[in-house]
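Data block below; observations after.
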Amino acid sequence: MSQLIQSAAWQALETHAQTQKRIHLADLFDGNPGRAQAFVSSVAGLHVDYSKQRITPETLKLLRQLANDQDVLTRRDAMFEGARINTTENRAVLHVALRNRGNRPILADGKDVMPEINDVLRRMRRFTDAVHEGRWLGCSGERITDVVNIGIGGSDLGPRMICHALASHAQYDMRAHFIANIAPSEIANLLKTLDPARTLFVVASKTFTTQETLTNAHTARRWLLDFAGDETAVAKHFVAVSTNRAEVEAFGIDAEHMFGFWDWVGGRYSLWSAIGLPIALYIGMDGFERLLEGAHAMDEHFRTAPAAENLPLTLGLIDVWNSNFLGAETLAVLPYGTRLGRLPAYLQQASMESNGKSVDLDGHRVDYVTGPVVWGGPGTNGQHAFYQLLHQGTRLIPSDFIAAIRTHTPIGDQQAMLLANLLAQTRALMLGRSLEAVKQEMQASGADADTIARIAPHRVCLGNQPSTTILFPQMTPEAVGALVALYEHRIFVAGAIWHIDSYDQWGVELGKQMAGELLPAVGHAAPGTFDASTEALLQTIHQHWV
Ligand code: F6P
Numbered sequence: 316m317s318q319l320i321q322s323a324a325w326q327a328l329e330t331h332a333q334t335q336k337r338i339h340l341a342d343l344f345d346g347n348p349g350r351a352q353a354f355v356s357s358v359a360g361l362h363v364d365y366s367k368q369r370i371t372p373e374t375l376k377l378l379r380q381l382a383n384d385q386d387v388l389t390r391r392d393a394m395f396e397g398a399r400i401n402t403t404e405n406r407a408v409l410h411v412a413l414r415n416r417g418n419r420p421i422l423a424d425g426k427d428v429m430p431e432i433n434d435v436l437r438r439m440r441r442f443t444d445a446v447h448e449g450r451w452l453g454c455s456g457e458r459i460t461d462v463v464n465i466g467i468g469g470s471d472l473g474p475r476m477i478c479h480a481l482a483s484h485a486q487y488d489m490r491a492h493f494i495a496n497i498a499p500s501e502i503a504n505l506l507k508t509l510d511p512a513r514t515l516f517v518v519a520s521k522t523f524t525t526q527e528t529l530t531n532a533h534t535a536r537r538w539l540l541d542f543a544g545d546e547t548a549v550a551k552h553f554v555a556v557s558t559n560r561a562e563v564e565a566f567g568i569d570a571e572h573m574f575g576f577w578d579w580v581g582g583r584y585s586l587w588s589a590i591g592l593p594i595a596l597y598i599g600m601d602g603f604e605r606l607l608e609g610a611h612a613m614d615e616h617f618r619t620a621p622a623a624e625n626l627p628l629t630l631g632l633i634d635v636w637n638s639n640f641l642g643a644e645t646l647a648v649l650p651y652g653t654r655l656g657r658l659p660a661y662l663q664q665a666s667m668e669s670n671g672k673s674v675d676l677d678g679h680r681v682d683y684v685t686g687p688v689v690w691g692g693p694g695t696n697g698q699h700a701f702y703q704l705l706h707q708g709t710r711l712i713p714s715d716f717i718a719a720i721r722t723h724t725p726i727g728d729q730q731a732m733l734l735a736n737l738l739a740q741t742r743a744l745m746l747g748r749s750l751e752a753v754k755q756e757m758q759a760s761g762a763d764a765d766t767i768a769r770i771a772p773h774r775v776c777l778g779n780q781p782s783t784t785i786l787f788p789q790m791t792p793e794a795v796g797a798l799v800a801l802y803e804h805r806i807f808v809a810g811a812i813w814h815i816d817s818y819d820q821w822g823v824e825l826g827k828q829m830a831g832e833l834l835p836a837v838g839h840a841a842p843g844t845f846d847a848s849t850e851a852l853l854q855t856i857h858q859h860w861v
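Under the working numbering, think of the first position of the sequence shown as 316, with each following residue one higher.
The following block contains the structure:
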């Protein structure tokens, strides 16, 4: 049995969970009139209410003891100090330095990383200003109106999610587009809508070796050259964001048009680096820096707040509580409104690529569950789709409800209706509806005894589904920055408890390798090379391949 499971704090939590599992959330509120005030925190402009989680003050006390035993805050300090906490890749983890707006020196290998970070920020500002002010023009002298980010995973999801969230802050009549998938329809359909004379491609890849990104970038390059007919046009329409200068130059992009970052920035933590260039092109560099400010405010809170007041610590521990002690397998992310509609996909990578691990830092296979399946989608849409399972399914599903209180686009009562729905769902998931209440309702509406006996059980909702509600005044760059940083640190905390490396991603390599081996076989039969199922699927493909 692992040391974690054997630890006194873990064992105490196991015992505590046996009691807690029998207590309904409604009873927790009935038993503690101050609960709604006790389990709430306001940090960096976010109001976070976790009173509807199935916790008590005792639960938090035991979870904090576990965090103490697992040295979570020592590991946090190590991260902020530039220690190589990503041990399997022997790298520091310093996305917090990218938004270190106070410029406190942060050392990696004894060298302050802030001057280089600030230098890239200055270059990003010079470049985005030149584009916005019409000093950077396309090859035929036209202004740039469309930015296309070509990247995948961390080089796509963050900028894409933020541009969508902050569309009300878009400036300079700039449109932002994103191409990630290798599927030919994705790039073909987008290019059909664009004018090459006014299009700027940002090829974003930390490694600059990712198959999908490089292939799409070459396709875009050919499309541009079909229009321009001259290689020199590439310099006016392509810039790169990468850590790999040699590969960028090999692609044909001048290093002068490359924005760098560093190996201590994980792909899924990179939107704060030059990977955020499409954001800066879309909302302006001031807006991008406001995003960094919001994240920095959350970083400072995480770095300095005592354990009992530390919000990312608390939420990360609640995630551990739900997964390891209450048996939850997933976390539903439910942003209300469409602006944060891409947040679930973003957090899927952030959480699942970080904490989807089964070997601990000492190389031992773990004997406890680690990262949950993260999923979700925007409300109210989800209410008319998958929420049924949350209300009446058999699984415990913790969820996060997230909303900006005011909208940039008020129309009648629509924002009030949006918020009312959010509150109704968190309430319904918590309280449910008892058999007695259902029967009374049915009687009141005139149903006969037979119908009531037959139908009432189907209308019962047990409630007791835990949720956290995150509200903020408006969808500003600061609020979105703080929100994303809150999740990043929460993921860190859970990973630290689980004693895993949250910053590597070896699992994705196997699929990449196999895709390389299979590519030749898709076009040409090579029987006997693969497993029987793959061979059979290849045969089907060959029958229809032209
Ligand atoms: O395949 C997974 C992954 O390595 C992610 O971690 C990363 O965000 C993505 O691919 C893209 O990688 P790159 O930025 O190097 O193209």
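C-beta atoms are modelled at their ideal positions from N, C-alpha and C, and glycine is treated no differently.
- Residue pairing for residue 538: DSSP places it in no beta bridge.
- Taken through DSSP and simplified to helix, strand or coil, residue 358 comes out as strand.
- Listed as beta-bridge partners of residue 783 by DSSP are 715.
- DSSP places residue 617 in the helix class (H, G or I) of the three-state scheme.
- Closest in alpha carbon position to residue 590, among 541, 826 and 521, is 521.
- DSSP places residue 491 within a strand segment (E or B) once states are collapsed to three.
- For residue 517, the enclosing beta strand (DSSP E) starts and ends at 514-519.
- Looking only at 757, 459, 381 and 455, the smallest Cα-Cα distance to residue 445 is reached by 459.
- The straight-line gap separating the alpha-carbon atoms of residue 456 and residue 547 is approximately 13 Å.
- With a 10 Å radius around the Cβ and a threshold of 16 neighbouring Cβ atoms, residue 657 comes out buried.
- About 28 Å separates the CB atoms of residue 776 and residue 805; that is not less than 8 Å, and the two are not in contact.
- By the Cβ neighbour-count rule, residue 330 is exposed, with fewer than 16 other Cβ atoms within 10 Å of its own.
- For residue 813, there is no enclosing beta strand (DSSP E); the residue is part of the alpha helix (DSSP H) that begins and ends at 792-813.
- Residue side-chain check: residue 664 places its Cβ nearer than 8 Å to a non-hydrogen atom of the ligand F6P.
- Residue 553 is bridged by DSSP to 516.
- For residue 647, the uninterrupted beta strand (DSSP E) run begins and ends at 645-650, by DSSP.
- Segment contact: the stretch 718-726 against the stretch 670-684, fewer than three CB-CB distances shorter than 8 Å; contact not assigned.
- No Cβ-Cβ contact shorter than 9 Å links residue 780 with residue 734.
- For residue 800, the closest alpha carbon among the candidates 709, 767 and 409 is that of 409.
- Among the bridge pairs identified by DSSP, residue 464 is matched with 493 and 517.
- Distance from the C-beta of residue 391 to the nearest heavy atom of the ligand F6P is not below 8 Å.
- Taking the Cβ of residue 828 as the reference point, every heavy atom of the ligand F6P lies at 8 Å or farther away.
- For residue 701, no beta strand (DSSP E) segment is defined, and its DSSP state is neither H nor E.
- The three-state secondary structure of residue 401, taken from DSSP, is strand.
- For residue 467, the Cβ falls inside the 8 Å cut-off from some heavy atom of the ligand F6P.
- By alpha-carbon distance to residue 552, the top candidate from 353, 700, 442 and 793 is 442.
- Annotated three-state conformation of residue 336 is coil, per DSSP.
- Secondary structure of residue 657 (DSSP, three-state): coil.
- The C-alpha of residue 645 is placed about 8 Å away from the C-alpha of residue 638.
- Considered as a whole, the stretch 359-445 harbours 361-364 as its complete beta strand (DSSP E) runs of no fewer than 3 residues, in chain order.
- Residue environment for residue 731: exposed (fewer than 16 other C-beta atoms within 10 angstroms of its C-beta).
- Exclusion of the five residues before and after residue 665 leaves 583, 802, 803 and 806 as the residues of its chain whose Cβ lies within less than 7 Å of its Cβ.
- In terms of Cβ geometry, residue 397 and residue 579 form a close pair [threshold 9 Å].
- A straight line joining the alpha-carbon of residue 436 with that of residue 788 spans about 28 Å.
- Apart from sequence neighbours up to five positions away, no residue of its chain approaches residue 727 with a beta-carbon distance below 8 Å.
- Taking a contact as a CB-CB distance under 8 Å, the pair residue 692 and residue 725 does not count as one, their CB atoms being some 24 Å apart.
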